[in-house]
Every structure is written in C-alpha cells, then in structure tokens.
Amino acid sequence: MLQAQGFGRGRGANNRTDFCSSCIQMPKQDVSEHEKAALIYMREEEKLARDVYLTLFEKWNFVIFKNIANSEDRHTNAVKQLLDKYEIEDPVQNDEVGVFTNVELKQLYDNLIAKGETSLLDAFIVGATIEDVDIFDLNERIEVTDNDDIKCVFNNLKQGSEKHMRSFVRQIERNGGTYEAQYISQEELDEILSVESGGRRGQGNRRRW
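Just so we're aligned: the sequence shown equals residues 30 to 238 in the working numbering.
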C-alpha cells in the first residue's frame, strides 16, 4: 500500500504546523454537534484529496499532483488540530493512503482513482472534481458554523481549493479538455476561474496559464 511518506515529518513538518495557526490559536468556543460533524467529515475529505493526488502522482509522475498533495496534507492537519483543540476523536486512525473510516469517502476514493488512472486528462478532471466537491461541502459547513476558529480554517481551506481548481482547469484546457461544474454552480466556478494569481480579477478573457 502506498504510504503518505514525508508528510508531517522532515521538511514538511513545520508547514503542517504553521498552516492556519492564527485561526487555531483563536479562543475556544462552545462547539455544536453540527460543527463536530463538520470537522470529522472535513478531516477525512481533505485526506481523500491528498491520497488521490499522491496516487495519481505515482501513476503519472506529474508534479502538480505532488505539490497539491502537500497542500492537502496541510489542510487535513489543520482540521486535525481543531479536533485536538476541542477533544473530538480523530476519524483518521490509520494515515495510510486509501484508508478511511467513512465508507462513502472510501468508495469515492476508489471511483476517483479508477477514473484518474485512465488517462492524464482524466486525472486532471478528477483533480477538478475533488476541488469542486470540496468547495461545495465547505460552503455548506461554513453556512452552519459560527465558531470563529472553525470558520476561519474552513475559509482558508476553501481559498486553497479555489486555487487548486484553477490549477487543474488550466491543465485540463492545455490537454484539450473542458471542465463544467458538477457540485457548485457554474456561476461560482466561473467566478473562481476569473481570479488570477495573487487574487486579482481578470480583465476581459480569462487568463490561460
């Protein structure tokens, strides 16, 4: 089984700790059952993204998957720090790639890997699909979250997912494909894709990186 080697140890250890640190250091607040469930779910959903990208990097040796896997590792670790802060049991008892407590996420992982190993273009589409799902789920959970620290982390995760979405869509287009929204609205996707590097709005036609 593929191991998540190098994540949380060695060079990546400080990045895991520093990501969202200002959010996590906010004062504790009463945490609702909805917020507990949101943290538990997002912990494994961010792990799913990391695990898929690690597996696709092993398959295609295309560096975007390795780079974004590193980012997703910081994301899942940020959620873990909130679980620890609020003394909520971590659903990730085994950090091996492809291992999940949530059976629906396990099935989704298997389906995404099967598609992503078909072709490099399909692998990029899988990447965009994961970010699409992630943004959709974060939108829902941000809406029902009032704890400042949790909302802060979720908003940071969403910004990261939007950046990843732009990266994958660029690769899809460079390889002759297109991507349409599957979970978020097409309007929201178009808005995400209109943002250039550094958070600026594009002028005229969307910049093709």
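A virtual CB, placed ideally from N, CA and C, is assigned to each residue, including glycine. In this text the structure is predicted, and so the values were computed from the model without any measurement.
Can you have a look at Asn176 and say buried or exposed, based on whether 16 or more other CB atoms are within 10 angstroms of its CB? Around the beta carbon of Asn176, 16 or more other beta carbons sit within 10 angstroms, so the residue counts as buried.
Looking only at its chain, what residues have a beta carbon closer than 7 Å to the beta carbon of Asp151, apart from the 5 residues adjacent to it on each side? Lys144 and Gly145, listed in sequence order.
If we ignore side chains and look at the alpha-carbon of each, how far apart do Asp163 and Asn96 end up? Their Cα atoms are separated by approximately 17 Å.
Just verifying my parser: in three-state terms, what is the DSSP assignment at Val224? Strand.
Quick test of the definition: if touching needs 3 or more C-beta pairs under 8 Å, does the region 153-170 touch the region 207-224? Contact holds: three or more Cβ-Cβ distances are below 8 Å.
Check Glu240 in the structure and name its three-state DSSP category. A question about residue 240 goes unanswered here, because the residues of the chain that appear run from 30 up to 238.
Return the residue from the list Ile213, Arg170, Asn204 and Leu77 that minimises the CA-CA distance to Asn140. Ranking the options by Cα distance to Asn140, first place goes to Leu77.
Beta-carbon within less than 8 Å of Ile53's beta-carbon, same chain only, minus the 5 sequence neighbours each way: which residues are those? Ala107, Gln110, Leu111, Lys114, Asp178 and Val182, listed in sequence order.
Using CA coordinates, which residue listed in Arg203, Lys192 and Glu87 is at the minimum distance from Leu222? Of the listed residues, the one whose Cα sits closest to Leu222 is Lys192.
So, helix, strand or coil for Gly231, using DSSP? Only weak support exists for where Gly231 lies, its pLDDT of 43 falling under 50; the value from the coordinates is given anyway. Gly231: coil per DSSP, three-state reduction.
Considering only residues of the same chain and omitting the five flanking positions on each side of Tyr82, which have a CB-CB separation below 6 Å? Excluding its 5 nearest sequence neighbours in each direction, Tyr82 has C-beta neighbours in its own chain below 6 Å: Phe94, Ile97 and Ala98, listed in chain order.
Curious, which full-length alpha helix (DSSP H) runs of at least 4 residues does the region 58-130 contain? For the region 58-130, whole alpha helix (DSSP H) runs of length 4 or above, ordered along the chain, are 62-89 and 92-114.
For Thr174 and Ser214, the rounded distance between their alpha carbons: Straight-line spacing of the CA atoms in Ser214 and Thr174 works out to 21 Å.
What residue range does the alpha helix (DSSP H) around Ser148 cover? It is not in any alpha helix (DSSP H) - Ser148 carries neither H nor E in the DSSP assignment.
Between Phe91 and Gln200, what straight-line distance do the alpha-carbon atoms span, to the nearest angstrom? Straight through space, the alpha carbons of Gln200 and Phe91 are spaced by roughly 11 Å.
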